[in-house]
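Undergrad: Structure provided below as structure tokens; questions to follow.
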Amino acid sequence: MKLKFNGFLVLLLVLVAQLTFAQERAVSGSVSDNSGMPLPGVSVLIKGTKVGTQTDFDGKFSIKASPNQVLVFSYIGMKTQEITATSANINVKLAGDAQELEGVVVTTALGIKREKKSLGYATQEVKGADLTAGPSSGNFINELSGQAAGVQIKRNNNFGGSTSIVSRGVKNLTGSNQMLIVIDGVPINNVTTNSNQGSQSTGRGTTYDYGNSAMDINPDDIENVNILKGAAASALYGYQAGNGVVMITTKKGKAKKGIGITVSSEFVTGKIDKSTFPKYQNKYGAGYGPGYEDPSGYFLYRDIDGDGTEDLVVPTSEDASWGAAFDSNKMVYNWNAFTPYSDSYGKATPWTAAKNDPTTFFETPTTFNNSISFEDGNEKSNIVVNFNNYIQNGIMPNSELKKNSLSVKLNHKFTDRLTFSSYANYIANKTVGRNSTGYNDNIMSSFRQWWQTNVDVKELKQVFERSGGQNVTWNWSDPDNLKPIYWDNPYFTRYKNYQNDERNRFNGYAKLDYVITDWLTATGRISTDSYSDLREERRADGSVASEFGINRNEVSSGYQRYNRNYSEQNYDFFLTFKKNFSEKFTFNGIAGGTVNRIRNTSILASTEGGLIIPGIYALTNSVNSVPFPIENETNSGVNSYYASVSFGYDDFIFLDGTYRRDAFSTLPANDNVLGTKSISASYVFTKHVNADWLTFGKLRGSYAESPLGSPTQAIIDTYTKNDPFDGNQMYSVASTKNNPYLQPVFSKTEEVGLEMQFLKRRIGFDVALYKTISDKQIFPVDYATSTGHNAQYVNAGRIENKGIEVQFNLTPVKLKDFTWDIFVNWSKNENKVLSLADGLDVLQLGSYQGGVTINGVVGESYGVIKGTDYTYLDGKRVVNASGRYVMNTSVNNNIGNITPDWVGGIRNKFSYKNLSLGILIDMQKGGDIFSLDQYYGQATGLYEASAGLNDLGYPVRNTIANGGGVILDGVQADGTPNTIRTASPQAFGSMGGYARNPAKAFVYDASFIKLREVNITYNLPTDLVSKMKLTGMSVSIVGSNLWIIDKNLPDADPESGLSAGNLSNAYSVGSLPTTRNIGCNLTFKF
């Protein structure tokens, strides 16, 4: 009987379900505004549920609903409408709502959402769709270029390289100025690593840019990014966020038509931008100048063929192109005549320029970016699962970056009071063949500075392959000694001296929200961010000796290994208050605390003196004893308490206050507390202005005091372990003494702003004015040498940043089927070093090859470039009696400054029915960069300028008797115009090179205007898509870095640099050329 009863219940449930589904049917229609223009992206939700959809680009929608259910149509800036689904076809017109326009919600500190109108500080939102509109670069920070006012993105062309993001100028002379990265309210680590941080200041040694860890973030996970620019906006994050915050909100699952699966596949390829690579002269070949036995003085005399007659041999040891003029009738023995792996072995060949110059060394770059995601949701739960596979091959041979990521975001509402939220992300990175940075052992330094125009790159590849991978190169010392002298075969470098690295990372959080009352919510959250790094660097036997390993000794083979483990946990608990005391008085608040714990361990080890067995890359294969590894272990903790309150009156006046207290385990116990505080206010004056043309207007102001990090590493003195002596272990004190009384750099920021929108947001702007004073800068000053130290860290110095930021939006055309939107970001920051330590007016921040330094100078903007200069008379360069420039040989001349005058970006968006076009222009005005490539490359005779014609129409390299030489622009000592013709030197070093010019000649304006991004997207019509059993499909053509519209730095990208950091864009040496990228993206929704 019981079995029959259960069967009856099952049958009854099936009948009820059938009746329910029988009532549901497809409801379709369109949504437009009052003018009849279709509205894409309108939310269509079944009331009382989380089941819904959005209108497509034609404003059309389709959803399953029963006749008694109510559809809710909502769109920002429009009045929400509710319509009962009694008809299978519904057409809706939404009316504008000025009050709704005011209610834009943004994500602020701790992931708390607030109405933007209530904020008293500057923020700016970038949609996730704008980050993914162009080709993926593999580093989401790059995609922010030109999209936020007051934010400078410092990028470079290194393969898998790092990018820094700085807001409102440099505030910290020697420490980090990067913004904090936060995901859903949780800070994550964003360390930037170069294998030898010293390369930031010297440009020397074999080094690699290992990127910044924020590049692990998958842009497909991002719903939006909110930029919190000032200290007032980020005060709740305390010491971590004095430079501002990049607040990332990840996507949340929503009910979708179909099964909720989206598949996206993107392929991008490109080619080098030849304006960022040298254009070689093809008139002269190898040599430093005349100085040999043959009559011209440019060739060696050797009897190569044994006929008793001296033959002409190219001086391969001279890595320059200041040699003999090419002459196809002249037969010479080139570098390839001495290797049996070349077709020219033992043969004299015509003296001509190479058919294949270094541009043929570069390979076609490719990127494959594939992802699949699933999302779903209802009134209680929602989920998003996203898998991404990213593979990038660079322009250098043997370079590949692979990245796989899997993320899951799950939210569940257990009861009306208790909600669970979580996010988990696992990322696996593997990279092979990053390009070298700096000067030494860098293929690009050879191509840009020290090269012979007679060397054929394809022949170098041929001999490398035929020899089985030996270092057969063009740059050997003598026909009797074929050992490389300065430069390895570039293919040997790429396939034998490559590096590899891996990073496995997990970050995420779990959060519980409990609604205690209708005005009080308690939140508990646990988050983690942990990763392990492995980096291996190698030098194959037979390489040119170069600095390598822990001791940086010159070796021709070796192996280096670096392991790092990082783990950070945050335990948060806070209460959120939201109480209306009356219809006019509102109160919002947050009070809580965070327990932060970080463990960071690393070990660096290398061989010494070379490898015993070639090709075996292991520490146990070291010729000499392995040096003591460099080991680091840090365990630190911070206990924090914070509170924030916000009062509102009648929805037009708002007042906020914030305080945070951080107690550090790494600071002295009696002085380990740092405080952050802010106050801000806003006034929405459109509440009292009745004008149809004025949609929204707000005044705001704020003040904040914030520490900029913690001086942990400069507090406790440590001893350096040295090599044993006579069987005894030796230690030494550091040359720079630490200081237990150090305080962090501390900033005070004032800000005012004005926001206005007109004509229902068809036109508007947001202007911010700010001023930040950063005190207690940390740097070493001279110290009594009797203590065993040369210097000691102190708190001294002050920097000022003040400036203006402008966001501007305009919709010049808005028709039924066509819309044109313009978004402009522009900012100007004036930076000045107000003071340093007593008696100190100049602080050297970096010293570079080429005789230049980067400095902090009192009364000047951060980053003064110092070096030798010309001698001037009334602003004109002075020449001597020989017609050459008179140099001011002092290295203390101010010859440039790395701080830009302003930065900006313009994004245009066009949409016509299902077709859209996006164009992003990125620009920078001012700032200077020193080019070591031009410093040497002009001298070695590589570039066209060194072999052109002079004002008389004769080759500039001719002697004066033969019509050569030039008349330099300048004046003689008496002020009269220069009329003296001076010849190019017969010996090494042209008129344009370092031998005859000061460092000033190689400092260039780093301004640029770039067509950063173009994207064209077509969304297939709904009826066609449905026939394909899909719920959506789009096709996009995407492009990035398509055109450098204007620049002043010759033969390189003004954004080229060693890595990311304070001085990253100050110095250009051996950088990769920029690539112009174009690709296609296909997206399918099921």
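Mind the numbering: the sequence shown is residues -22 to -1, 1 to 1064 in mature numbering (1 follows the signal peptide of the UniProt record, and there is no 0), read in order. Heads up, the beta-carbon is just placed ideally off N, CA and C, and yes, glycines get one too.
Taking only the alpha-carbon atoms, compute the straight-line gap between Q721 and N773 and give it to the nearest angstrom.
TA: The count along the sequence shown starts at 1 and reaches residue 721 at position 743. The count along the sequence shown starts at 1 and reaches residue 773 at position 795. Approximately 7 Å, taken between the alpha carbons.
Undergrad: Could you check the C-alpha separation between V441 and D434 for me, to the nearest Å?
TA: Within the sequence shown, residue 441 is the residue found at index 463, counting from 1. Within the sequence shown, residue 434 is the residue found at index 456, counting from 1. When rounded, the distance between both Cα atoms is 11 Å.
Undergrad: What residue range does the beta strand (DSSP E) around V5 cover?
TA: Residue numbering aside, residue 5 sits at position 27 when the sequence shown is read from its first letter. First-last of the beta strand (DSSP E) with V5: R3 to D11.
Undergrad: Rounded to the nearest angstrom, what separates E78 and V84 at their Cα positions?
TA: Residue 78 sits at position 100 when you count from the first residue of the sequence shown. Residue 84 sits at position 106 when you count from the first residue of the sequence shown. Residue confidence is low: E78 scores 48 on pLDDT, short of 50, so the model does not pin down where it sits. Its coordinate-derived value is still stated next. About 14 Å.
Undergrad: Helix, strand or coil: how does DSSP classify H666 here?
TA: Residue mapping note: residue 666 aligns to position 688 of the sequence shown, counting from 1. In the structure shown, H666 sits in a helix (DSSP, three-state: H, G or I).
Undergrad: Helix, strand or coil for L672? Go by DSSP, reduced to three states.
TA: By one-based count along the sequence shown, residue 672 stands at place 694. L672: strand per DSSP, three-state reduction.
Undergrad: I need the DSSP call for M734, collapsed to helix, strand or coil.
TA: Numbered from 1 along the sequence shown, position 756 holds the residue referred to as residue 734. Three-state DSSP puts M734 in a strand.
Undergrad: Could you give the residue range of the alpha helix (DSSP H) that holds F470?
TA: On the sequence shown, residue 470 is found 492 positions in, with the first residue counted as 1. Note, F470: alpha helix (DSSP H), P468 to K474.
Undergrad: Alpha carbon to alpha carbon, what distance is there between L851 and V949?
TA: Here residue 949 corresponds to residue number 971 of the sequence shown, with the count starting at 1. Here residue 851 corresponds to residue number 873 of the sequence shown, with the count starting at 1. If I take the Cα positions, the gap works out to 8 Å.
Undergrad: According to DSSP, is I1022 helix, strand or coil?
TA: Locating residue 1022 in the sequence shown gives position 1044, where the first residue counts as 1. In the structure shown, I1022 sits in a strand (DSSP, three-state: E or B).
Undergrad: Using beta-carbon positions only, say whether F555 and F565 come within less than 8 Å of one another.
TA: Taking the sequence shown and counting its residues from 1, one reaches residue 555 at position 577. Taking the sequence shown and counting its residues from 1, one reaches residue 565 at position 587. Result yes, Cβ atoms of F555 and F565 sit closer than 8 Å.
Undergrad: CB G267 to CB A302, shorter than 8 Å?
TA: Along the sequence shown, one-based indexing puts residue 267 at 289. Along the sequence shown, one-based indexing puts residue 302 at 324. Not in contact: G267 and A302 (Cβ atoms no closer than 8 Å).
Undergrad: Measure the C-alpha to C-alpha separation of T254 and Y681 and round it to an integer number of angstroms.
TA: The residue given as residue 254 occupies position 276 in the sequence shown. The residue given as residue 681 occupies position 703 in the sequence shown. Each residue's Cα considered, the two are about 44 Å apart.
Undergrad: Do Y761 and K726 have their beta-carbon atoms positioned less than 8 Å apart in this structure?
TA: By one-based count along the sequence shown, residue 726 stands at place 748. By one-based count along the sequence shown, residue 761 stands at place 783. Cβ distance not < 8 Å, so K726 and Y761 don't count as in contact.
Undergrad: Under the rule that 16 or more other beta-carbon atoms within 10 Å means buried, what is T960, buried or exposed?
TA: Position 982 of the sequence shown, counting from 1, holds the residue named residue 960. By the neighbour-count rule (16 or more Cβ atoms within 10 Å), T960 is buried.
Undergrad: Classify F908 as buried or exposed, calling it buried when 16 or more other Cβ atoms lie within 10 Å of its own Cβ.
TA: Counting from 1 along the sequence shown, the entry for residue 908 is found at position 930. Buried, by the Cβ-count rule.
Undergrad: To test your reading of the DSSP string, which unbroken beta strand (DSSP E) runs of 3 or more residues are found completely within the region 603 to 675?
TA: List check, beta strand (DSSP E) in window: 608 to 627, 631 to 642 and 651 to 662.
Undergrad: List the whole-angstrom C-beta distance separating G942 from S924, where the pair is believed to meet the contact cut-off of C-beta under 8 Å.
TA: Looking up residue 942 in the sequence shown gives position 964. Looking up residue 924 in the sequence shown gives position 946. Their Cβ separation, rounded to whole angstroms, is 12 Å, which puts G942 and S924 out of contact at 8 Å.
Undergrad: Does the region 456 to 467 come within contact of the region 335 to 353, defined as at least 3 CB pairs closer than 8 Å?
TA: No, because fewer than three Cβ pairs between the region 456 to 467 and the region 335 to 353 fall closer than 8 Å, the two stretches do not touch.
Undergrad: Given this structure, state the Cα-to-Cα distance separating K676 from G98, to the nearest angstrom.
TA: The count along the sequence shown starts at 1 and reaches residue 676 at position 698. The count along the sequence shown starts at 1 and reaches residue 98 at position 120. Distance between the alpha carbons of K676 and G98: 9 Å.
Undergrad: Buried or exposed for R481, going by 16 or more other Cβ atoms inside 10 Å?
TA: The count along the sequence shown starts at 1 and reaches residue 481 at position 503. So R481 counts as buried.
Undergrad: Straight-line CA distance for F1062 to N366?
TA: The residue you call residue 1062 lines up with position 1084 of the sequence shown. The residue you call residue 366 lines up with position 388 of the sequence shown. Roughly 15 Å separates the two Cα atoms.
Undergrad: Let me confirm a value: I594 is counted as buried when at least 16 other C-beta atoms fall within 10 Å, else exposed. Which label applies?
TA: By 1-based counting over the sequence shown, the position of residue 594 is 616. Classification for I594: exposed.
Undergrad: Taking only the alpha-carbon atoms, compute the straight-line gap between D879 and E733 and give it to the nearest angstrom.
TA: Walking along the sequence shown from the start, residue 879 turns up at place 901. Walking along the sequence shown from the start, residue 733 turns up at place 755. C-alpha separation (whole angstroms): 24 Å.
Undergrad: Please return the same chain residues whose Cβ sits closer than 7 Å to the Cβ of D289, not counting the five positions on each side in sequence.
TA: Within the sequence shown, numbered from 1, the residue matching residue 289 stands at position 311. Same-chain partners within the cutoff: R280, D281, I282, D283, Y311 and A326.
Undergrad: Considering only their Cβ atoms, is the gap separating N717 from Q770 smaller than 8 Å?
TA: Locating residue 770 in the sequence shown gives position 792, where the first residue counts as 1. Locating residue 717 in the sequence shown gives position 739, where the first residue counts as 1. Yes, they are a contact pair.
Undergrad: Could you tell me the alpha carbon to alpha carbon distance between S349 and A107, rounded to whole angstroms?
TA: For this step, residue 349 is matched to residue 371 along the sequence shown. For this step, residue 107 is matched to residue 129 along the sequence shown. Spanning the two alpha carbons is a distance of roughly 15 Å.
Undergrad: Span of the beta strand (DSSP E) holding S580?
TA: Mapped onto the sequence shown, residue 580 falls at position 602. Counting along the chain, the beta strand (DSSP E) containing S580 begins and ends at F563 to S584.
Undergrad: Given 8 Å as the limit, is there contact between the region 640 to 652 and the region 664 to 674, that is, 3 or more CB pairs closer than that?
TA: Because the criterion of three Cβ pairs below 8 Å is not met, the region 640 to 652 and the region 664 to 674 do not touch.
Undergrad: Could you give the distance in angstroms between the alpha-carbon of N975 and the alpha-carbon of S521?
TA: Within the sequence shown, numbered from 1, the residue matching residue 975 stands at position 997. Within the sequence shown, numbered from 1, the residue matching residue 521 stands at position 543. If I take the Cα positions, the gap works out to 33 Å.
Undergrad: Strictly by DSSP, which residues pair up with I777?
TA: Position 799 of the sequence shown holds residue 777. Answer is S752 and V811, bridged to I777.
Undergrad: Under the assumption that Y404 contacts L384 (Cβ atoms under 8 Å), give the Cβ distance between them as a whole number of angstroms.
TA: Sequence index remark: in the sequence shown, residue 404 carries index 426 (1-based). Sequence index remark: in the sequence shown, residue 384 carries index 406 (1-based). The pair is a contact, with the Cβ atoms about 5 Å apart (cut-off 8 Å).
Undergrad: May I ask you to report which of helix, strand or coil DSSP gives N254?
TA: As a working mapping, residue 254 is identified with position 276 in the sequence shown. For the record, residue 254 in the displayed sequence is Thr; it is not Asn. Note: T254 maps to helix in three-state DSSP.
Undergrad: Taking all protein chains shown into account, do 16 or more other C-beta atoms lie within 10 angstroms of the C-beta of residue 1066, making it buried, or fewer, making it exposed?
TA: The structure shown has nothing for residue 1066, since the chain only spans -22 to 1064.
Undergrad: Would you give the residue range spanned by the beta strand (DSSP E) that L553 belongs to?
TA: As a first step, residue 553 is located in the sequence shown; it is residue number 575 there, counting from the start. Where L553 is concerned, the enclosing beta strand (DSSP E) stretches over G536 to N558.
Undergrad: Is the beta carbon of Y921 closer than 8 Å to that of Q259?
TA: The residue given as residue 259 occupies position 281 in the sequence shown. The residue given as residue 921 occupies position 943 in the sequence shown. It is a contact, given that the beta carbons lie within the stated cut-off.
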